[in-house]
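S.K.: Chains as they are written, first to last, in my numbering: chain Y, 281 to 627; chain L, 968 to 1523. Structure provided below as structure tokens; questions to follow.
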Amino acid sequence: MMTLLRTVRPNNRQRSARMRLAATLLFAASVGCVVSLEDHQIPDMVVYSSVGTAPAVISAYTRETGRRASLVTMSTGALLARISAEAHHPRWDVVWFEGDDGAVAMDRAGLFARGTVPDLDWTPLGRTLLPADRSYEPTGFTLAGVFLERADKAHTVQNWTQAFNTKRIGMADPALSGPAYQLLAGMLSINGGWPAGQSALLRMAANGMLVAPSNAAVLTSLLTGRIDSAITQSSAGIALSRTDKRFLVALPDPAFILPGVASVAADQPASRRHTASDFLRFIMRPDIQILRMHDTDADRLFWPVTNSPAQPDLPDPDGMTLMHLSPLIWGGRQAEVIDWFQRMIVR
Amino acid sequence: MTHASRLLSHIPNLLTSMARLLFAALIMVCFVYPLVRFLALPLIPSLAPLPPLDTALRHGLSPIAMWNTVRLSIEAGFLVVPPGLLIGFLLERRRWLGRGFLSVTLWAVFLMPSYLLTSGWQILVAMPVLADSHISRLFYGEAGIVFLLTIKGLAFSAMSARTGWHVLGEDLEAASRMHVRTAWRRWWLIARLLFPIVGSMMMVQMVAASQDFGVAATLGAQVHLPLVSYVIYQNLSTIPVDFSRAALLSLFLVCLALLALGAQAMLGRSQAATIGGRQHRPVALSCRPVMLALAWLLTGSVFLAGVGAPQVALAVEGMSGPAVHGSLVDAGSWRAISLSLRYGFVSAVAAVLLAAIILGGRMRSGKGGAVLARLLLWLTSANMAVPGVILGASYLIAFNGGMLALYGTPMLLLLAYTASHLPVALRFLDAPFASLHRGLGEAARVHGLSLSERLEGIYLPLLIRPLSWAWAMVFITVFFELPLSEILYPAGTPPLAVRLLSLGISQHYEAQARVALVGMVTCLAVTCLGLVLVPFLAGPTDGTDTTFKADKANGR
Chain Y
281 MMTLLRTVRP
291 NNRQRSARMR
301 LAATLLFAAS
311 VGCVVSLEDH
321 QIPDMVVYSS
331 VGTAPAVISA
341 YTRETGRRAS
351 LVTMSTGALL
361 ARISAEAHHP
371 RWDVVWFEGD
381 DGAVAMDRAG
391 LFARGTVPDL
401 DWTPLGRTLL
411 PADRSYEPTG
421 FTLAGVFLER
431 ADKAHTVQNW
441 TQAFNTKRIG
451 MADPALSGPA
461 YQLLAGMLSI
471 NGGWPAGQSA
481 LLRMAANGML
491 VAPSNAAVLT
501 SLLTGRIDSA
511 ITQSSAGIAL
521 SRTDKRFLVA
531 LPDPAFILPG
541 VASVAADQPA
551 SRRHTASDFL
561 RFIMRPDIQI
571 LRMHDTDADR
581 LFWPVTNSPA
591 QPDLPDPDGM
601 TLMHLSPLIW
611 GGRQAEVIDW
621 FQRMIVR
Chain L
968 MTHASRLLSH
978 IPNLLTSMAR
988 LLFAALIMVC
998 FVYPLVRFLA
1008 LPLIPSLAPL
1018 PPLDTALRHG
1028 LSPIAMWNTV
1038 RLSIEAGFLV
1048 VPPGLLIGFL
1058 LERRRWLGRG
1068 FLSVTLWAVF
1078 LMPSYLLTSG
1088 WQILVAMPVL
1098 ADSHISRLFY
1108 GEAGIVFLLT
1118 IKGLAFSAMS
1128 ARTGWHVLGE
1138 DLEAASRMHV
1148 RTAWRRWWLI
1158 ARLLFPIVGS
1168 MMMVQMVAAS
1178 QDFGVAATLG
1188 AQVHLPLVSY
1198 VIYQNLSTIP
1208 VDFSRAALLS
1218 LFLVCLALLA
1228 LGAQAMLGRS
1238 QAATIGGRQH
1248 RPVALSCRPV
1258 MLALAWLLTG
1268 SVFLAGVGAP
1278 QVALAVEGMS
1288 GPAVHGSLVD
1298 AGSWRAISLS
1308 LRYGFVSAVA
1318 AVLLAAIILG
1328 GRMRSGKGGA
1338 VLARLLLWLT
1348 SANMAVPGVI
1358 LGASYLIAFN
1368 GGMLALYGTP
1378 MLLLLAYTAS
1388 HLPVALRFLD
1398 APFASLHRGL
1408 GEAARVHGLS
1418 LSERLEGIYL
1428 PLLIRPLSWA
1438 WAMVFITVFF
1448 ELPLSEILYP
1458 AGTPPLAVRL
1468 LSLGISQHYE
1478 AQARVALVGM
1488 VTCLAVTCLG
1498 LVLVPFLAGP
1508 TDGTDTTFKA
1518 DKANGR
């Protein structure tokens, strides 16, 4: 032991220096990593969005106002779960997603600031989509479900009766995909509501319906031939049919409205809420709506809820039978319906 | 000595005690508080950040998921025993060429994330030859999940089996050779003696299988076979969010683990009662041809099933798809890899540092410090029994408001990674620290060496290799960590595991395979760099090791 102690006398400067260098490097690397992980520039506004055209809108907003806006994109289901988990300590200022049932649930939990929606030139339909407490703004709408099928198997699914009885059909899982819940609610609704409509869904399950995690996954299954037809959100379905002629879209009768909604965090300081409210107004400006309609993302295919501008790329909504499911009724049943769907349909 | 100077002389001791208490408080806040708060949620619902958005709880606690979890865990527990026992026997009792290779394979299986193992097999089963075959139908069902859980559990069960074969000892075998004439009776006797260890292997595997998240979140979710660990995650991260339900399901998992570990403890006592006294270490014999063939067959099978086949499948799939703008992976995936590298590096350094402080405290002669260190050791080890998904949920609830609003920040993910991997570092470093003679540091202190001099001159040169290996092990597991990452990652900045899972869920298998491959190569490169660079920089330059060895040889 004495031999060892002799070797560790402080005069062994070379080793000490190397060890200190190693320790310093390790410390510096660790600190550097931690610092680089943290986002030090606090943006003027944080937007959580599942809408595909959000990046273009954010860029336009930053260009015009000079304010630094940060965009976090995720699926609607993940977005709602994330803002529920952040609860009253939000790291977001604005949320923008699809489905007013989710918006009603968040509003009931006290997460949305009320009275932040601007007065605009709403269409009659747009006016019906506005909540009484003005806690969220309808930013347009798509259809929760359209029929998409392979052209070589065309006309097998043209209406809901055929959809409920066909084989090799797919839809997104409402537990993971926000828009899919509105579709499910609509399908139940036209079959007698809840719980009477369960039998139609059970028939689809018995026919081997594929339930995929997202609309994108449903489309992939259709592209790979795993299924012959799908019920998908209109924007995704129409976009695919326009780029790939092997697929055709049929609009259902009735078609379920899926409103895009945007809202402001209730628990942010007043100054940030003010900036966020400005952004809600910005989204709905006619020139910004035109910008959204000319984006490359499938979500450009939305119907506006203000009188100007008009959507040139989609059929006139007046020619369709549209059905808006009450978010107050169906939003309140969401857990029960999804739970049943998971147990009896997904299995 | 005046009263004032006597008081001043107490200040260093006081500061040391305060530092110890502060350290203990930090550990309590990081480990105990989140778990207690989360598991108390069903009793005190107001502890949740948000009440359930509607009446989800009245629809029950996913009895299907609970039954699936129990059934599949038992099946995996039974299935792991035969290969586990055989591997243990081959590693402990037989001398053959492939022993090292088998050990390395088991380590590779242990470190391979279960979701990557699943992805590899999914790619294999999707091959045209197998796509519509019986194998594919079996794989996309209960059999596939149990198969993957069994493969993942092989490393741990082989370790337990090895201990069992070691404990049996040479004496018992010699006695059985002398007193029991027929071979089958001798084997029956050994089987009975091994029964407690078999039970223990099953229990450990059952706990591991019930807590696995990677297989549950990939194959389990895909074939719609819900397992509790994934349902907990769903309650936290999909709509509708229900914290109380997640907490109740977590309690179910914890109770299941406690039951299994209680049974294991009872079996352990039974084993101690059966095999008492001092045993001679058994001699490893050379293999007969049949045994040798069996050994190589088993080694090859484990390698193929756990490492080779899934890795090759990932590599082939990764190379077959088109590159993204001339790059192997897209910008988002590069960012995810870079994030995981940084998370892994810092968490591994922090976990190893904390483990060294705790184990160093145990070496101290002072009674208070040693007791505190043992308590911390016990607390952090208990954390090992808690699956990542529950720890993630606990952190989400505990650090989501008031003074500790860390949810959604990288800091919380770092904290969670460190807390969850500290027990691994502690277990890994336990033996190297225990082998250090306490007198070494004491003697140096008596000879006037300061703490930094003792660290530089004695502890670090002797411990730098185990510390580096512990760092590497924690780094690799954090780099691919899934459940904590999935629940706690800051919005918009997913780490590698989350990115890989989302690519898999959206059925972008080629991109997923490419990102996994690039991730693995990057991880391996950084690990090798760390393992070479740190001992090189911090290692001895004047033969301290040699001197120390000479001292030991001289019995000094």
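No residue lacks a Cβ here, since even glycine has one placed at the ideal position from N, Cα and C.
Since L/Leu1203 meets chain Y, which of its residues come closer than 8 Å, beta carbon to beta carbon?
M.R.: Under the 8 Å cutoff, chain Y gives Ala361 and Ala365.
S.K.: By how many angstroms is the C-alpha of Y/Ala308 removed from the C-alpha of L/Ala1232?
M.R.: Whole-angstrom Cα-Cα distance: 45 Å.
S.K.: Identify the continuous alpha helix (DSSP H) that holds L/Ala1032 and give its terminal residues.
M.R.: Run containing L/Ala1032: Pro1030 to Glu1059, per the alpha helix (DSSP H) assignment.
S.K.: For my contact list, Y/Asn439 and Y/Asp508 are in at a C-beta cut-off of 8 Å; report their separation, rounded to the angstrom.
M.R.: With 8 Å as the limit, Y/Asn439 and Y/Asp508 do not qualify as a contact, their Cβ atoms being about 16 Å apart.
S.K.: Less than 7 Å between C-beta atoms, sequence neighbours within five positions excluded: which residues of the same chain meet that for L/Val1190?
M.R.: Cβ neighbours of L/Val1190 beyond the five flanking positions: Tyr1107 and Gly1108.
S.K.: Using the beta-carbon count (16 or more within 10 Å), is L/Gln1479 buried or exposed?
M.R.: Answer is buried; the Cβ neighbour count reaches 16.
S.K.: Along chain L, which residues have their Cβ under 8 Å away from the Cβ of Y/Gly458?
M.R.: Residues of chain L passing the Cβ test: Ile1206.
S.K.: Roughly how many angstroms lie between the CA atoms of L/Leu1484 and L/Leu1259, to the nearest whole one?
M.R.: The straight-line gap from Cα to Cα measures roughly 34 Å.
S.K.: To the nearest angstrom, how far is the alpha carbon of L/Pro1018 from that of Y/Arg572?
M.R.: Approximately 36 Å, taken between the alpha carbons.
S.K.: Measure the alpha-carbon distance for Y/Met281 versus L/Asp1179 and round it to whole angstroms.
M.R.: At Y/Met281, the pLDDT of 46 sits below 50, so the modelled position is not reliable; the number obtained from the coordinates is stated separately. In a straight line, the C-alpha of Y/Met281 is about 48 Å away from that of L/Asp1179.
S.K.: Is the separation between the beta-carbon of L/Leu1381 and that of L/Val1313 shorter than 8 Å?
M.R.: Their beta carbons are under 8 Å apart, which means L/Leu1381 touches L/Val1313 by this criterion.
S.K.: Between the Cα of L/Leu1470 and the Cα atoms of L/Phe1400, L/Phe1210 and L/Ala1184, which residue gives the shortest distance?
M.R.: Answer by Cα proximity: L/Ala1184.
S.K.: Compute the Euclidean distance between the alpha carbons of Y/Gln548 and L/Ala1372, then round it to the nearest angstrom.
M.R.: Each residue's alpha carbon lies about 14 Å from the other.
S.K.: In angstroms with no decimal places, state the Cα-to-Cα distance between L/His1404 and L/Arg1432.
M.R.: For L/His1404 and L/Arg1432, the distance between alpha carbons rounds to 17 Å.
S.K.: Would Y/Ala492 be called buried (16 or more neighbouring beta carbons within 10 Å of its own) or exposed?
M.R.: By the 10 Å Cβ count, Y/Ala492 comes out buried.
S.K.: Candidates Y/Val326, Y/Asp619 and Y/Gly312: which alpha carbon is nearest L/Ile1206's?
M.R.: Comparing Cα positions, the closest option is Y/Asp619.
S.K.: For chain Y, is any of its Cβ atoms less than 8 Å away from the one on L/Ala1023?
M.R.: Low confidence applies here, because L/Ala1023 scores a pLDDT of 47, under 50, leaving its location unreliable; read the following figure in that light. Yes, contact with chain Y.
S.K.: Ends of the alpha helix (DSSP H) at Y/Met325?
M.R.: From DSSP, Y/Met325 is part of no alpha helix (DSSP H) but of the beta strand (DSSP E) over Met325 to Ser329.
S.K.: Do you know whose CA, among L/Thr983, L/Leu1052 and L/Ala1150, lies nearest L/Phe1162's CA?
M.R.: It is L/Leu1052 whose Cα lies nearest to the Cα of L/Phe1162.
S.K.: Using the rule of at least 16 other Cβ atoms within 10 Å of the residue's Cβ for burial, across every protein chain shown, is L/Arg1129 buried or exposed?
M.R.: Burial call: buried.
S.K.: Can you find a C-beta in chain Y that's less than 8 Å from the C-beta of L/His1388?
M.R.: No, because no Cβ of chain Y sits closer than 8 Å to the Cβ of L/His1388.
S.K.: For the stretch 512 to 599 of chain Y, which segments carrying the beta strand (DSSP E) assignment without a break, of at least 3 residues, lie completely within its bounds, in sequence order?
M.R.: Listed in chain order, they are 527 to 530 and 535 to 544.
S.K.: Would you give the residue range spanned by the alpha helix (DSSP H) that Y/Thr356 belongs to?
M.R.: First-last of the alpha helix (DSSP H) with Y/Thr356: Thr356 to Glu366.
S.K.: Using the rule of at least 16 other Cβ atoms within 10 Å of the residue's Cβ for burial, across every protein chain shown, is L/Leu1135 buried or exposed?
M.R.: Flag for L/Leu1135 reads buried.
S.K.: Rounded to the nearest angstrom, what separates L/Ala1023 and L/Leu1008 at their Cα positions?
M.R.: Residue placement at L/Ala1023 cannot be trusted, given a pLDDT of 47 that sits under 50; the coordinates are not used to answer.
S.K.: If the cut-off is 7 Å on Cβ atoms, which residues from the stretch 385 to 419 of chain Y count as contacting chain L, listed in chain order?
M.R.: For the stretch 385 to 419 of chain Y, which is checked against every Cβ of chain L, the residues closer than 7 Å are Ala385 and Ala389.
S.K.: Given L/Leu1083, which residues of its chain have a CB within under 6 Å of its CB, disregarding the five upstream and five downstream residues?
M.R.: These residues qualify, in order along the chain: Ala1483.
S.K.: Skipping 5 residues on each side, what residues in its chain have a beta carbon closer than 7 Å to that of L/Ile1090?
M.R.: These residues qualify, in order along the chain: Ala1280, Leu1281, Glu1284, Tyr1476 and Ala1480.
S.K.: Cα separation between L/Met1286 and L/Val1296?
M.R.: Roughly 11 Å between the two C-alpha positions.
S.K.: Using the beta-carbon of each residue, which ones in chain Y are nearer than 9 Å to L/Arg1309?
M.R.: Going along chain Y in sequence order, the residues near L/Arg1309 (Cβ under 9 Å) are Gly312, Cys313, Val314, Ser316 and Leu317.
S.K.: Let me know the secondary structure DSSP gives Y/Glu429 once reduced to three states.
M.R.: Of the three classes helix, strand and coil, the one that applies to Y/Glu429 here is strand, per DSSP.
S.K.: Can you say whether Y/Glu318 is buried or exposed, counting buried as having 16 or more other CB atoms within 10 angstroms of its CB?
M.R.: Counting Cβ neighbours within 10 Å, Y/Glu318 comes out exposed, since fewer than 16 surround it.
S.K.: With 8 Å as the threshold, decide whether the Cβ of L/Leu1504 is near any Cβ in chain Y.
M.R.: Yes - at least one Cβ of chain Y is within 8 Å of the one on L/Leu1504.
S.K.: According to the Cβ coordinates, are Y/Asp579 and Y/Thr333 closer than 8 Å?
M.R.: Contact: yes.
S.K.: Touching or not, the stretch 1390 to 1404 of chain L and the stretch 1427 to 1442 of chain L, by the rule of three or more beta carbon pairs under 8 Å?
M.R.: Contact between the stretch 1390 to 1404 of chain L and the stretch 1427 to 1442 of chain L is present, because at least three Cβ pairs lie under 8 Å.
S.K.: Please identify the residue among Y/Leu520, Y/Thr586 and Y/Leu423 whose C-alpha is closest to the C-alpha of Y/Met600.
M.R.: For Y/Met600, the nearest C-alpha among the options comes from Y/Leu423.
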